[in-house]
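Visitor: One structure, as structure tokens, below. Some questions next.
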Amino acid sequence: MVLDNLGSSLRGTLDDLRGKSRLSEEDIEDIVKEIQRSLLQADVDVSLVQELSDNIETRALDEEPPAGTTPRDWVLRIVYEELVEMVGESTDLPLEEQTIMLAGLYGSGKTTTAAKMAWWFSTKGLRPAIIQTDTDRPGAYDQSKEMADRAEVDFYGDPDEDDPVTIAREGLEATKDADVRIVDTAGRDGLNQELIDQIERIEQAVNPDRNLLVLDAAMGQSAKSQAADFEASIGIDGVVITKLDGTAKGGGALAAVNETDSTIAFLGSGETVKDIERFEPSGFISRLLGMGDLKQLTERVERAMEETGEEEEDWDPEDMMEGAFTLKDMRKQMQTMNNMGPLDQVMDMIPGLGGGLMDQLPDDAMDVTQERMQDFDVIMDSMTEAEMENPRVVGQSRTERIARGSGKPEERVRELLDQHRQMEQMLKQFQGMGDGDMERMMKQMQQ
Ligand code: GDP
Numbered sequence: 001m002v003l004d005n006l007g008s009s010l011r012g013t014l015d016d017l018r019g020k021s022r023l024s025e026e027d028i029e030d031i032v033k034e035i036q037r038s039l040l041q042a043d044v045d046v047s048l049v050q051e052l053s054d055n056i057e058t059r060a061l062d063e064e065p066p067a068g069t070t071p072r073d074w075v076l077r078i079v080y081e082e083l084v085e086m087v088g089e090s091t092d093l094p095l096e097e098q099t100i101m102l103a104g105l106y107g108s109g110k111t112t113t114a115a116k117m118a119w120w121f122s123t124k125g126l127r128p129a130i131i132q133t134d135t136d137r138p139g140a141y142d143q144s145k146e147m148a149d150r151a152e153v154d155f156y157g158d159p160d161e162d163d164p165v166t167i168a169r170e171g172l173e174a175t176k177d178a179d180v181r182i183v184d185t186a187g188r189d190g191l192n193q194e195l196i197d198q199i200e201r202i203e204q205a206v207n208p209d210r211n212l213l214v215l216d217a218a219m220g221q222s223a224k225s226q227a228a229d230f231e232a233s234i235g236i237d238g239v240v241i242t243k244l245d246g247t248a249k250g251g252g253a254l255a256a257v258n259e260t261d262s263t264i265a266f267l268g269s270g271e272t273v274k275d276i277e278r279f280e281p282s283g284f285i286s287r288l289l290g291m292g293d294l295k296q297l298t299e300r301v302e303r304a305m306e307e308t309g310e311e312e313e314d315w316d317p318e319d320m321m322e323g324a325f326t327l328k329d330m331r332k333q334m335q336t337m338n339n340m341g342p343l344d345q346v347m348d349m350i351p352g353l354g355g356g357l358m359d360q361l362p363d364d365a366m367d368v369t370q371e372r373m374q375d376f377d378v379i380m381d382s383m384t385e386a387e388m389e390n391p392r393v394v395g396q397s398r399t400e401r402i403a404r405g406s407g408k409p410e411e412r413v414r415e416l417l418d419q420h421r422q423m424e425q426m427l428k429q430f431q432g433m434g435d436g437d438m439e440r441m442m443k444q445m446q447q
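Structure follows, in structure tokens:
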């Protein structure tokens, strides 16, 4: 994830401040240095980093923490607020009938983003359709159609037509029943007159409600000039930053967009249609700082529940933190998490788990690979109700029986029991944090 080490390095520095009733200038300098290092590594513009550190420093020294707030929590709050300020607001995007046109350079991720956005709108109860007008790139039609199928959304394209404007016009006609039309356009290696002319012609035919620019996160801070160029030529209402999973420079791109007149609408972080999230500055930054983002997590859980066909009440992220943790719980979570996406991303969203706590876990604690999960599932079928409720009763002879019954090696059975113990341990640690400063912190954030 983008700016990954900011949360963990900052947490380390902040932890040294635990128990202090006042922060010295040096304490604050240490924190600011840590932030500077992470932001510069993430390719955030130097002057922007300087401005942010000055603000943090001045506020941390001048402002008095409200009663009942520790200096450590107070500094964390200031850092949080300044970072939210740095990335700027999210693009206004009402959930209503609309036409959105995507622009961007070749390879920035437009076609992928069109499908991702369509999928995202479909999860909001709207009926989206993709209109594919890229006639320049061979393969754009097939790729787009295939992704639309995967996202289970309407699609219009015409591989035999080579005028994008005609396709756009016919596409609008053909997708009349859709609520949200996403018009994908061709890209070029650079923003040249030919591309501008083509997009302008499509724009005239389509009359979109919004133009979104798709930018590759690897651009880092040069996202600024690209956003400015597109703004000057066709005008953009928001930006989608893609490939945040594949670069350490994402911080630069995020901050750079805010330096233009534009805002960020979506973030893309993978190649499947579900690897998209709506950009929400406060949730994004709190997750970055390891404070979790329950809203995102809850959305994912809901989505995963819909896919497993279970009732939402069956599993709530907060329930997971309470009471005894049985093998049955573990099985249910494995099934749900399987539908939620990569486990480390999910864990990042749980308050208190995103930061230092994850680092303390053994590397393989979360390494529940697909194959192991399937084995675990089969093994659990060979366990009794009592063993599932209380796996501690499983000793050597029961392990042998379960291994025989499931046809899996004893080693695998022991792995399952270990995995359960580690997850149980992790949840206990989290419960320990529930009453502590993280919770107070979260409350303050929400004020
Ligand atoms: P277009 O030329 O702008 O339409 O770009 P594409 O949508 O074809 O994307 C170019 C490449 O980037 C493809 O291989 C995509 O799978 C990949 N891609 C797009 N978005 C992401 C993302 O968020 N993460 C990763 N890892 N790859 C992406």
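Quick note: the sequence shown uses our numbering, first residue 1, plus one each step. Where a beta carbon is used, it is the ideal one built from N, C-alpha and C, also for glycine. As the structure is a prediction and not an experimental result, all values here were calculated from the model.
Just confirm the distance between the C-beta atoms of D256 and A223, as a whole number of angstroms; I'd bet it's less than 8 Å.
Guide: Taking the sequence shown and counting its residues from 1, one reaches residue 256 at position 256. Taking the sequence shown and counting its residues from 1, one reaches residue 223 at position 223. In the sequence on display, residue 256 carries Ala and not Asp. That belief holds up - the Cβ atoms of A256 and A223 are roughly 4 Å apart, short of 8 Å.
Visitor: I'd like to check one pair, M117 with F266: are the Cβ atoms closer than 8 Å?
Guide: Here residue 266 refers to the residue found at position 266 when the sequence shown is read from its first residue. Here residue 117 refers to the residue found at position 117 when the sequence shown is read from its first residue. For F266 and M117, yes; Cβs fall inside 8 Å.
Visitor: Give the DSSP-derived three-state secondary structure of E277 in the structure shown.
Guide: The residue labelled residue 277 in the question sits at position 277 within the sequence shown. In the three-state reduction of the DSSP assignment, E277 falls in the strand class.
Visitor: Go through its chain and collect everything with a Cβ distance to F121's Cβ below 7 Å, but skip five positions before and after it.
Guide: Sequence index remark: in the sequence shown, residue 121 carries index 121 (1-based). These residues qualify, in order along the chain: P128, V180.
Visitor: Classify S47: buried if its beta carbon has 16 or more other beta carbons within 10 angstroms, exposed otherwise.
Guide: The sequence position of residue 47 within the sequence shown is 47, counting from 1. Result: exposed.
Visitor: Measure the C-alpha to C-alpha separation of L289 and L6 and round it to an integer number of angstroms.
Guide: Taking the first residue of the sequence shown as 1, we reach residue 289 at position 289. Taking the first residue of the sequence shown as 1, we reach residue 6 at position 6. Between the C-alpha atoms of L289 and L6 there is a straight-line separation of about 7 Å.
Visitor: What separation, rounded to the nearest whole angstrom, lies between the Cα atoms of Q204 and K124?
Guide: The residue you call residue 204 lines up with position 204 of the sequence shown. The residue you call residue 124 lines up with position 124 of the sequence shown. When rounded, the distance between both Cα atoms is 28 Å.
Visitor: How is M147 classed by DSSP in three states: helix, strand or coil?
Guide: Counting from 1 along the sequence shown, the entry for residue 147 is found at position 147. Here M147 sits in helix by DSSP.
Visitor: Would you say the segment 180-191 touches the segment 85-105, given that touching needs at least three Cβ pairs under 8 Å?
Guide: yes
Visitor: In whole angstroms, give me the CA-to-CA distance for G251 and A151.
Guide: On the sequence shown, residue 251 is found 251 positions in, with the first residue counted as 1. On the sequence shown, residue 151 is found 151 positions in, with the first residue counted as 1. Taking the straight line from one Cα to the other gives about 28 Å.
Visitor: Taking only the alpha-carbon atoms, compute the straight-line gap between E97 and D45 and give it to the nearest angstrom.
Guide: As a working mapping, residue 97 is identified with position 97 in the sequence shown. As a working mapping, residue 45 is identified with position 45 in the sequence shown. So the alpha carbons of these two residues sit roughly 37 Å apart.
Visitor: Give me the Cα-Cα distance between G19 and P65, rounded to the nearest whole angstrom.
Guide: Within the sequence shown, the letter at position 19 stands for residue 19. Within the sequence shown, the letter at position 65 stands for residue 65. About 15 Å.
Visitor: Could you round the C-beta distance between N207 and I236 to whole angstroms and report it? I think they count as a contact, below 8 Å.
Guide: For the purposes of this step, residue 207 is identified with residue 207 of the sequence shown, where counting begins at 1. For the purposes of this step, residue 236 is identified with residue 236 of the sequence shown, where counting begins at 1. The pair is not a contact, with the Cβ atoms about 16 Å apart (cut-off 8 Å).
Visitor: Please determine, among R421, L215, R372, R404, the residue with the shortest C-alpha to C-alpha distance to D393.
Guide: Within the sequence shown, numbered from 1, the residue matching residue 393 stands at position 393. Note that residue 393 is Val in the sequence shown, not Asp. When each option's Cα is compared against that of V393, the closest is R421.
Visitor: Which of the three DSSP states, helix, strand or coil, is assigned to L105?
Guide: The sequence position of residue 105 within the sequence shown is 105, counting from 1. If DSSP states are grouped into helix, strand and coil, L105 belongs with coil.
Visitor: Are there 16 or more other CB atoms within 10 angstroms of the CB of M358, so buried, or fewer, so exposed?
Guide: As a first step, residue 358 must be located in the sequence shown, where it is residue number 358. Reliability fails at M358, whose pLDDT of 46 lies under 50, so the model's placement of it is uncertain and no value is given.
Visitor: Tell me which same chain residues have a C-beta within less than 8 Å of the C-beta of G88, skipping the five on either side of it?
Guide: Looking up residue 88 in the sequence shown gives position 88. Taken in chain order, the residues that qualify are V257, N258, T263, I264, P281.
Visitor: Are K376 and M334 close, meaning C-beta to C-beta below 8 Å?
Guide: Within the sequence shown, residue 376 is the residue found at index 376, counting from 1. Within the sequence shown, residue 334 is the residue found at index 334, counting from 1. The residue you asked about is not Lys; residue 376 is Phe in the sequence shown. Taking 8 Å as the Cβ cut-off, F376 and M334 qualify as a contacting pair.
Visitor: May I ask you to report which of helix, strand or coil DSSP gives R18?
Guide: Taking the first residue of the sequence shown as 1, we reach residue 18 at position 18. If DSSP states are grouped into helix, strand and coil, R18 belongs with coil.
Visitor: What residue from G68, E85, R59 has the CA that sits closest to V75's CA?
Guide: Counting from 1 along the sequence shown, the entry for residue 75 is found at position 75. Nearest C-alpha to V75: R59.
Visitor: State yes or no: is the C-beta of R137 nearer than 7 Å to some heavy atom of ligand 3?
Guide: Judged by which ligands are present, ligand 3 is missing from the structure shown, whose ligands are ligand 1.
Visitor: Drop a sphere of 10 angstroms on the beta-carbon of T384, count the other beta-carbons inside from all chains shown, and report buried for 16 or more, exposed for fewer.
Guide: As a first step, residue 384 is located in the sequence shown; it is residue number 384 there, counting from the start. So T384 counts as exposed.
Visitor: Among residues of its own chain, excluding the 5 on either side of E271, which ones have a beta-carbon nearer than 8 Å to its beta-carbon?
Guide: Your numbering for residue 271 matches position 271 in the sequence shown. For E271, where only same-chain residues beyond five positions count, the Cβ hits under 8 Å are T112.
Visitor: Taking the alpha carbon of I31 as the reference point, which residue from R22, L23, T13 has its own alpha carbon closest?
Guide: Along the sequence shown, read from residue 1 onward, the residue named residue 31 stands at position 31. When the alpha-carbon of I31 is set against those of R22, L23, T13, the nearest one is in T13.
Visitor: Which parts of the segment 15-73 are runs of the alpha helix (DSSP H), unbroken and 4 residues or longer, counting only runs that do not cross its ends?
Guide: 25-41, 46-62
Visitor: Is any heavy atom in ligand 1 found nearer than 7 Å to the beta carbon of E57?
Guide: The count along the sequence shown starts at 1 and reaches residue 57 at position 57. False, no ligand heavy atom lies under 7 Å from that Cβ.
Visitor: Should P409 go down as buried or exposed, given a rule of 16 or more other Cβ atoms within 10 Å for buried?
Guide: For the purposes of this step, residue 409 is taken as residue 409 along the sequence shown, with counting starting at 1. Exposed, by the Cβ-count rule.
Visitor: For A217, tell me which candidate among L244, G395, T336 has the shortest Cα-Cα distance.
Guide: Taking the sequence shown and counting its residues from 1, the one referred to as residue 217 is at position 217. Of the candidates L244, G395, T336, the one whose C-alpha sits nearest the C-alpha of A217 is L244.
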